[in-house]
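Data first, discussion second: the structure below is written as C-alpha cells.
Residue numbers (the numbering used here), protein chains in the order written: chain A, 302 to 760; chain B, 61 to 440.
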C-alpha cells in the first residue's frame, strides 16, 4: 500500500471531486487539497440560511447536495484537506498552508490541477469605487450570505454569468437597475448551431434573459463604453450603446466579462501557455485527456479551459483516467471515448458562447489614461503606456518592473490581461508580443508567521 | 529579412546587457567611442534587473573599496548620468553583529575601511535599541554607515540601457554569442540569430555566462551560477529607514517608501542552459523566519512575492574585472558574486578608461583576472 503512487488533486470543485472518485474507484487514495472550507467549488457553493435558494434559476440545490454528499461519502478513502492553500510546487513537491497555519511539504507522483476560474474584469473609469463587485462576488453574496451587494445593483459585462447573476438577483427579490452587455443580439445568431449542442444550457440562458426582460429591467446590448460614477461609493453607472449614452442610478455594480482560469500553479510547474486570440487570454496547453506537456501534471475543469460545470465534472473524470492510464492501471476505453465525446460537445457549446459573447477587446484597449488598471498598486493606463514609450519595452513583465502594475496582493490576477493589452496598444504591436505576467510563488499571500513543519535544509 | 548573416564592425564589442555591460556601453558612448552590445535576452533580464537593490560600501572586501568609493560618487549623481530616477536614496546601511566575535569583526572593518575614507559608526547593544526600536533582540552590536543606501534595480537597469542607447551605443537584444575568434588585432564574434561582429576590443560582461564566454577564447576564469533568493512583503506602516545586513552570513532587508519590505537570503535554483532560475520555497521559509527575528513586526505581514536572479560567483567571492592576462584587447567584468549592483556604475567608467587610456586612477588590485591565470604570481 505504501508503494502506491501519490496523486494530489488541487481543488475540490466539480472537476476535483469527480477526479477523486474516479481515482478511488481505480484503487488509489488521492490527496485532495481545497482552499475553501467545504467541497463543491464555486458552482455548488451552498447557502447556509437562505430560504429563496429553490427559486434561483440555474441553481439546483438537490444536485449540489448530491454532488457534495457523494464526495463526502468517499472522504474516508481519500486524504482530504479542506482549508488548505497551495503556495508553490516543483516537479517533485508541493507546498501548502493548512487551516491550522502550518505549512506542509508534500511529495507527489501525479498532480491534477483543478483550481477553477475567476471573473474577468476590464478596468473602466470608476471600477475601483466601493460598491463595484465581480459577478462571481455578487453571486456568492446572494447564494452564501443571502444578501445583495446593494439596494439597486447594475450588471455590466458579457457572457452567460451576467444574465444568470441578474436573473438570480431578481428571483431572490433584489432590485436590478440595469443589465448592460457588450455583446450584440445579432452576434448570437451565428452561434446558434453550436449553442444547440446543449439545449438545456441554451434554455437556461434564454430563461434568464426572459426573467430580466419580464421584470422590466432596462437592458442595453452592444455597450461600447461604461463609466461607474460616484464619490468613494457607487452612485450611478453610465453606459454608451447605439441608443446613446445614459445614466442609471444604482449603488452597486456587478461586473464580469467571462472567466479567467486560475493557472498560477500550472505556470509554476512550467506548463507552456498559448494565446487565444479571440479572448486575449493565455491558456495552459492541455489536451482533451487533461494531460499537459509536463510529465505527471494534469489539468481539469475551468482552471484549464472555461467550459462550465458539466464539462468540469467530465474533464475531472477524464483526467483521472489519464492518470490511471499513465500509472499503468486498467481503464475502460469505452468510458474514455464516451467522456471525450461529451467533452467535445461541451467544447462546441463553449465555442458558441465565445461567439455569442465575445470579449470586448475594444473596451479594454480604449481605457483612458486616468483609469486605474492595477488596483493594488494604483497604476493607471497612462502610466503603463508612458513606460512602454519611454523604455521601448512592451513585454508585460517589463511593464510590471517599470510601473509596479501587478506587484500587489493579487499578483496581477485582475490586471494582467488588461495591462498586456494596453502595453501592446501603446507599442503598436500584436497582443501576443506583450506576453503574459509570469506567476511567482507564493500563489497566495503567505503569512510571515506561518509555521513550517519541514526541518530539512534549504532545497 | 533575407537569410544572409549581417556583419557589423565596431570599436568595442560588449557581451552581456546586464548593468555592467550597459554601464560600459554608456561610458564608452559618452566618450564617442563606437560600441556594440550583444545581449542574449533583454537588458537587465537577470540579476541586474531583479537584485536586492543594496547600495553599500560597508562590509565589502577591502579590494573592492576603491571601486565602491567611485561608484558611490556616481550614485550620488545617477539621475544626471542616466536621465531618470533610479530611486537611489542614501538611507544609511546598518550591519548587525550577533555575538562578540562578529562585533569585533565590525570594529576591525571600520578601522581598515577608514584608510579608504569609508566611515562606519560602531553602535553598542543599547545604542542599537535606542536608535532602531523596531529591531529584534539579540544583537551584540551594530555598525552604521550613513553614506550607504538603496535603489530600485528594476528601474536602474533599464535606465542604463536607455542612456547608453541615447548616447549612441548600439544595443542588440536577443543575440546570443556562440563563437568568438581572435582576428588580430581584434575579434570576430558570431551571434545567433544571424550576426557577425568585428571589433578591436572585446568586453566580457556576461554575468553568470562570463566563464563560458571566456572559454570561447580559451581563457579559464572560474565562476559558478547562483540565484540569490528574495522576497517582498505587503506594505507595512512601520518605517525601517536604513538598509540592513548581517556581519556574518544571513539575511539582508530594506523597506521601500510604499511600505513593502524587500529582503533576501540563501539561494534559489538555476538552470544555466535554459537561462532560467526559480526561488526556492524552502529557502524562502528559512529567510522569513530569520527576517522575523531581525524585525519582529514583519511577522504581522504577508509575503506576496518571491524571486531570484541569475548571477555568477567566483571562488573568492570577488568580481573578475580588468584586462585578460593573455590576450590584448580582451577585458573581463563578471562574477560579481551577489554584490555587483552597487559597483556597476563605476565598473563601466573604469573599463572605459582602461580601454581608451590604458590606465585608470581607480585601483582594481585584487580583482583582476590575472589572479586566476595558471602560473601567474597572483594565482599562487
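Glycine residues also receive a C-beta, built at the ideal position from the N, C-alpha and C atoms.
Nearest residue (CA-CA) to residue 530 of chain A, options A:430, A:517, A:738 and A:333: Per the C-alpha coordinates, the member of A:430, A:517, A:738 and A:333 positioned closest to residue 530 of chain A is A:430.
Partner residues on chain A for residue 362 of chain B, Cβ-Cβ distance less than 7 angstroms: Taking a Cβ-Cβ cut-off of 7 angstroms, the neighbours of residue 362 of chain B in chain A comprise 746, 747, 748 and 749, given in sequence order.
Which residues DSSP lists as bridging residue 371 of chain B, in chain order: Residue 371 of chain B is bridged to B:286.
Neighbour-count burial assignment, residue 111 of chain B, 16 or more Cβ in a 10 Å radius: Burial call: buried.
First and last residue of the uninterrupted beta strand (DSSP E) at residue 380 of chain A: Taken as a continuous stretch (DSSP letters only), the beta strand (DSSP E) holding residue 380 of chain A covers 380-382.
Residue 426 of chain A beta carbon less than 7 angstroms from that of residue 672 of chain A: Against a cut-off of 7 angstroms, the Cβ pair of residue 426 of chain A and residue 672 of chain A comes out as a contact.
Status (buried if at least 16 other CB within 10 Å, exposed otherwise) for residue 77 of chain B: With 16 or more Cβ atoms within 10 Å of its Cβ, residue 77 of chain B is classed as buried.
Extent of the continuous alpha helix (DSSP H) to which residue 407 of chain B belongs: Here the alpha helix (DSSP H) through residue 407 of chain B covers 404-417.
With 16 other Cβ atoms within 10 Å as the buried cut-off, status of residue 437 of chain B: With a pLDDT of 47 at residue 437 of chain B, under the threshold of 50, the predicted position of this residue should be treated as unreliable, though the coordinate-derived value follows. Classification of residue 437 of chain B: exposed, given that the 10 Å Cβ count is below 16.
CA-to-CA distance, residue 602 of chain A to residue 438 of chain A, given in whole angstroms: Cα-Cα distance, rounded: 20 angstroms.
Under 7 angstroms from the C-beta of residue 692 of chain A: neighbouring residues of chain B: Those within 7 angstroms of residue 692 of chain A in chain B are 218 and 222.
The stretch 530-539 of chain A in contact with the stretch 492-512 of chain A per 3-pair CB rule at 8 angstroms: No, the stretch 530-539 of chain A is not in contact with the stretch 492-512 of chain A.
Other residues of its chain near residue 397 of chain A: CB distance less than 8 angstroms, five sequence neighbours each side excluded: Counting only Cβ-Cβ distances below 8 angstroms, and skipping sequence neighbours, we find 334, 382, 385, 386, 387, 388, 404, 405 and 407.
Assigned exposure category for residue 321 of chain A - 16 Cβ within 10 Å defines buried: Its Cβ being crowded by 16 or more others within 10 Å, residue 321 of chain A is buried.
Spatial distance of residue 675 of chain A from residue 413 of chain A (CA atoms): In this structure, the CA atom of residue 675 of chain A is about 31 angstroms from the CA atom of residue 413 of chain A.
Residues bridged to residue 431 of chain A (per DSSP): Answer by DSSP bridge pairing, in chain order: A:534.
Residue 336 of chain A versus residue 744 of chain A: straight-line alpha-carbon distance, rounded: C-alpha of residue 336 of chain A to C-alpha of residue 744 of chain A: approximately 12 angstroms in a straight line.
Residue 581 of chain A and residue 662 of chain A closer than 7 angstroms at C-beta: In this structure, residue 662 of chain A lies closer than 7 angstroms to residue 581 of chain A by Cβ.
Option in B:326, B:284, B:262 and B:361 with minimal Cα separation from residue 293 of chain B: Residue 293 of chain B has its Cα closest to that of B:361, out of B:326, B:284, B:262 and B:361.
Integer Cβ distance of residue 162 of chain B from residue 307 of chain B, believed to fall under 8 angstroms: At roughly 4 angstroms, the Cβ-Cβ gap stays under 8 angstroms, so residue 162 of chain B and residue 307 of chain B are in contact.
Nearest residue (CA-CA) to residue 615 of chain A, options A:626, A:318, A:311 and A:378: Comparing Cα positions, the closest option is A:318.
Ordered list of alpha helix (DSSP H) runs contained in the stretch 432-473 of chain A, each at least 4 residues: You should have 436-446 and 461-472.
Pairwise C-alpha distance: residue 109 of chain B and residue 685 of chain A: Computed Cα separation, rounded: 18 angstroms.
Status (buried if at least 16 other CB within 10 Å, exposed otherwise) for residue 507 of chain A: With fewer than 16 neighbouring CB atoms inside 10 Å of its own CB, residue 507 of chain A falls in the exposed class.
Cutoff 7 angstroms: residue 294 of chain B Cβ touching any chain A Cβ: Residue-level contact by beta carbon holds for residue 294 of chain B and chain A, with a gap shorter than 7 angstroms.
Cutoff 7 angstroms; reference residue 740 of chain A; Cβ partners in own chain excluding five residues on either side: For residue 740 of chain A, where only same-chain residues beyond five positions count, the Cβ hits under 7 angstroms are 565, 568 and 569.
For residue 650 of chain A, three-class secondary structure by DSSP: Reduced to three states, the DSSP call for residue 650 of chain A is helix.
Contact set between residue 348 of chain B and chain A, taken where Cβ atoms lie within less than 7 angstroms: Contact note: residue 348 of chain B reaches chain A through 749, using a C-beta cutoff of 7 angstroms and chain order.
Range of the contiguous beta strand (DSSP E) that encloses residue 549 of chain A: From DSSP, the beta strand (DSSP E) with residue 549 of chain A extends over 545-550.
Residue 309 of chain A to residue 631 of chain A span [Cα, whole Å]: One C-alpha to the other measures close to 19 angstroms.
Residue 482 of chain A - containing beta strand (DSSP E), residue span: Counting along the chain, the unbroken beta strand (DSSP E) around residue 482 of chain A starts and ends at 476-482.
Within-7 angstroms CB hit, residue 194 of chain B to chain A: Judged by the 7 angstroms Cβ criterion, residue 194 of chain B is not in contact with chain A.
Start-to-end residues for the beta strand (DSSP E) that takes in residue 486 of chain A: Element bounds for residue 486 of chain A: n/a, residue is neither H nor E.
Beta-ladder partner(s) of residue 441 of chain B, from DSSP: What is shown of chain B runs 61 to 440, which leaves residue 441 of chain B out entirely.
Which of helix, strand or coil DSSP assigns to residue 356 of chain A: For residue 356 of chain A, the secondary structure class from DSSP, reduced to helix, strand or coil, is helix.
Reduced DSSP secondary structure (H/G/I, E/B, other) of residue 69 of chain B: DSSP places residue 69 of chain B in strand when its eight states are reduced to three.
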